[in-house]
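Read through the structure below, which is laid out as structure tokens, and then see the notes.
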Amino acid sequence: MNLDPNGARVFHALVVSFAVVFSMYVAAEVLKPLALAILLSFILAPLVQWLVRRGLPRSSSVALVLILVFTVLGGVTYVVGDQFASLADQLPTYQANIQKKLVALRPQNDSALDKARQAVSSIERSLRPAEADYATPVRVVSENATVAQLRSVLGPFHLTLAFGGVVLLLLVFVLIESNDISDRIVQMVGWGKIGVTTKTMTQIGHVLSRYLATLALFNLAFGAVIGLGLWALGLPFPALWGLLAAVLRFVPYLGTIVSFSLPEIISIAYFPGWTQPILVIALFGGAELIANSIEPLVYGKSTGISPIGLLVAALFWTWLWGGLGLLLANALTVCLAVVGQSIPGLGFLGTLLRHEVEVADDLRWYQRVLHRDQDGAIALLDQALKTRPLESVCDEIIIPTLARAEQDRDDGFLEKRDVVFIWRVVRDWLDDLVDRDDVALTAPSPAPAEHMEPIRVRPAPEIAQQELVGIATNGGGDTLILHMLNLLLKPSGVRLTVLSASGSPLSVSDKVEQLGCGLIMMSHLPPLGLTPTRYLIKRLRARHPDIPMVVGFWDVKADPVQVAEQLRSSSAYHVALSVAAARTMILERTVPKIPALASAS
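Mind the numbering: the sequence shown is residues 7 to 607 in the working numbering, read in order.
So, in structure tokens, the structure goes:
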């Protein structure tokens, strides 16, 4: 199978991506505790560094920070457990209210459906044979069965403890040996990539710290709103529910559902009516709706990741690593986005995940016209005119798009009708600009100094009676560009007579001679070859050696010296790479600037 370079790169990237994802799936039991330990190390590393700068040994600093963390976690666990114990003591008092609501929800016995169900049950009992009296079997539970049942109950707890122990061990190692780990990474990358590696690691630390701080503050605010709202409704233990809402929101998407379910169940059991439970639903729904509106913007700015990127990443990491993947999804996605921005080979990650992606105006406009969105394409051009002059819009948006369309047509990606549609959009837009007064046809220039005389522009007498000819060497695209030039030349009173070079060079030369022109403006739109243009210039120069000639090679990224070298055999030394430069060259050769007399106004 033969692939072009771009296809080979895409295929190679897909193979590598599949291999990486497959490896992460197979090695999940090893990578999950390691990823969690590294994430926790980013949270605790600033505290450890602060203690180290105060003179404490690193191992003592790590021990002190871990003792502090476990003390806080133990205190929170004790408070939450005490609140749940008090809640459990009060649950029997809610039994009568729960039974009353269940009775109210139970369907009436006199309903047609209930009567039909009773009739069917009666028929079944009458057809069922009488059951013989059998001795009640006695279940003998052996000691081994009891132990097995105990193990089945405590097994998940033991696995959780083992996982937590591995995470704690890795966390201590990462915090104590962070400098050694950094040195080993530097040794592996060497001098060639030490700058990129160091910058990437530093940026990951900063972005993660900012994200986690923002997440903590946002969740605390959410928990405070929930706690105050439940307190206002009169629900028991509002502080407990607010704390759970804040803590469980660290688990994306699912945490809020769990934090809502518990107070909703308690509200149904506690309140005699249904008004307060409905208000609890409204409280959580309203808070979550507001949070979902603000959260993507806040996290997007702190992490640089788009909201859709966060959602897709959450789905991916949950599929890959389960619940822990969901917990780590945002942090892992932040790391991938930073790596994509810092390492050129992984730039596609930054493009897919970044919150703000800068799309070039010409690329965005090309996408509009390819979708046949004429209104959107014209609106984009009008928006661009509000911030830049017309010549910049032509040089930076329209002409690159025309060139790209010609290239895609040559490569077989576009049909003739697609290119014709683009020409029609440009022509309609240019025709609309002719009668508009809100378009700047010239670039803004600084105001003249007070002691300088004003400048008046007027056609030179020897040129005024001669035609200025514009020749489109390659058809529709060049014709449009010459119309752009006419629009830019309009304030100066200069106009090009546009000719097409679709016929033979001899017929074009005859037409130029009939017009008696004073200047020839050639338009060549890449990527079409220069050979026809060069031959036409040679014929015109042979018959009209004294006529000034400007060749527009519409590629602002091209080297003007190289283009001039390609045209040197035709004696065409005036090369313009943009319509702004072409306008300047035409005015320099046809419209001299004459200082106005003091009496003129």
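Backbone N, C-alpha and C fix where the C-beta goes; we use that ideal spot for every residue, glycine too. None of the values given here were measured: they were computed from a predicted structure.
Using a Cβ-Cβ cutoff of less than 8 Å, which residues in the same chain neighbour residue i once the five nearest sequence positions on both sides are dropped?
i           : result
residue 456 : Low confidence applies to residue 456: its pLDDT is 34, below 50, so where it sits in the model is not reliable, and the reading given next is rough at best. Here the set comprises nothing.
residue 431 : 375, 380, 383, 384
residue 407 : 368, 371, 372, 375, 428
Counting only the same chain and skipping the five closest in sequence on each side, list residues whose C-beta sits under 6 Å from that of residue i.
i           : result
residue 469 : For residue 469, the predicted model reports a pLDDT of 47, less than 50, meaning its position is unreliable; a value from the coordinates is still stated below. Once the five neighbours on either side are set aside, the close Cβ partners of residue 469 are 524, 596.
residue 534 : 480
residue 181 : 47, 54, 68
residue 23  : none
residue 452 : Residue placement at residue 452 cannot be trusted, given a pLDDT of 36 that sits under 50; the coordinates are not used to answer.
Judging by CA-CA distance, which residue of the options is the nearest neighbour of residue i?
i           : options            : result
residue 437 : 494, 419, 49       : 494
residue 257 : 332, 226, 183      : 332
residue 556 : 342, 527, 84       : 527
residue 491 : 394, 402, 590, 515 : 590
residue 173 : 35, 284, 418, 226  : 35
residue 616 : 75, 219, 588       : Because residue 616 is not part of the residues shown, which for the chain are 7 to 607, the question remains open.
residue 239 : 225, 281, 402      : 281
residue 212 : 324, 84, 52        : 52
residue 583 : 561, 568, 553      : 561
residue 514 : 546, 483, 45       : 546
residue 439 : 414, 395, 73, 423  : 395
residue 301 : 389, 227, 102, 441 : 227
residue 482 : 90, 186, 511, 422  : 422
residue 104 : 274, 169, 183      : 274
residue 568 : 541, 536, 61       : 536
Would you check if the distance between the CB atom of residue i and the CB atom of residue j is smaller than 8 Å?
i           : j           : result
residue 5   : residue 529 : Not covered by the structure: residue 5. The range shown for the chain is 7 to 607.
residue 507 : residue 548 : no
residue 79  : residue 67  : no
residue 279 : residue 252 : no
residue 371 : residue 387 : yes
residue 531 : residue 412 : yes
residue 244 : residue 233 : yes
residue 250 : residue 265 : yes
residue 50  : residue 71  : yes
residue 581 : residue 400 : no
residue 336 : residue 358 : no
residue 355 : residue 342 : yes
residue 539 : residue 521 : no
residue 217 : residue 340 : yes
residue 191 : residue 203 : yes
residue 425 : residue 410 : no
residue 176 : residue 320 : no
residue 505 : residue 496 : no
Is residue i buried or exposed, if buried means 16 or more other CB atoms sit within 10 Å of its CB?
i           : result
residue 92  : exposed
residue 296 : exposed
residue 559 : buried
residue 255 : buried
residue 464 : Bear in mind that the predicted position of residue 464 carries a pLDDT of just 39, short of 50, making it unreliable; the figure below should be weighed with that in mind. The residue is exposed, with fewer than 16 neighbouring Cβ atoms inside 10 Å.
residue 365 : exposed
residue 63  : exposed
residue 200 : exposed
residue 458 : With a pLDDT of only 30 at residue 458, under 50, the local geometry of the prediction cannot be trusted, and no value is derived from it.
residue 39  : buried
residue 378 : exposed
residue 28  : exposed
residue 283 : buried
residue 272 : buried
residue 276 : buried
residue 18  : exposed
residue 164 : exposed
residue 225 : buried
residue 231 : buried
residue 77  : exposed
residue 312 : buried
residue 95  : exposed
residue 26  : exposed
residue 565 : exposed
residue 512 : exposed
If I measure Cβ to Cβ from residue i and keep anything under 7 Å in the same chain, skipping five residues before and after, which residues do I get?
i           : result
residue 269 : 236, 241, 247, 286
residue 30  : 37, 326
residue 294 : 262
Got a sec: does the ligand SAM put a non-hydrogen atom nearer than 7 Å to the Cβ of residue i?
i           : result
residue 544 : This structure does not include the ligand SAM; it has no bound ligands of any sort.
Which runs of the alpha helix (DSSP H), 4 residues or longer, sit entirely within the region 213-275? Counting only runs of 4 or more, we get 244-254.
Segments of 4+ residues assigned as alpha helix (DSSP H) that fall wholly inside the region 7-51: 11-32
Extract the residue ranges of the beta strand (DSSP E) inside the region 391-453, only unbroken runs of 3 or more that lie entirely within it. none
Every unbroken alpha helix (DSSP H) within the region 502-570, with a cutoff of 4 residues, ordered by chain: Within the region 502-570, the complete alpha helix (DSSP H) segments at least 4 residues long are 511-521, 537-549, listed from N- to C-terminus.
Taking the runs of the alpha helix (DSSP H) that are 4 residues or longer, which of them lie wholly in the region 469-497? 482-495
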